[in-house]
Amino acid sequence: VILLVGMFVSFVVAYVVIKWLLRFIQTHDFKAFGWYRIILGVLVIALGAIGIID
């Protein structure tokens, strides 16, 4: 029973989030997301190059 409750709650939350995300995409662009990914990528490469992360 607890598994079914978890599956139902997961489905409802996923549905609401996807609906919100599709509406958000229609009214906004992805410039901030693009810059975030570029900066994060450069940071991860730099940390890997100096040996902080493997």
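Just so you know, the UniProt record's numbering puts 15 at position 15 of the sequence shown, and the rest follows in order with no gaps. Even glycine gets a Cβ: it sits at the ideal position worked out from N, Cα and C. Computed from a predicted model, the values in this text were never measured in an experiment.
Roughly how many angstroms lie between the CA atoms of residue i and residue j, to the nearest whole one?
i, j, result
"residue 10", "residue 52", "36 Å"
"residue 38", "residue 49", "16 Å"
"residue 27", "residue 36", "19 Å"
- Query: Which runs of the beta strand (DSSP E), 3 residues or longer, sit entirely within the region 12-47?
  - Reply: Counting only runs of 3 or more, we get nothing.
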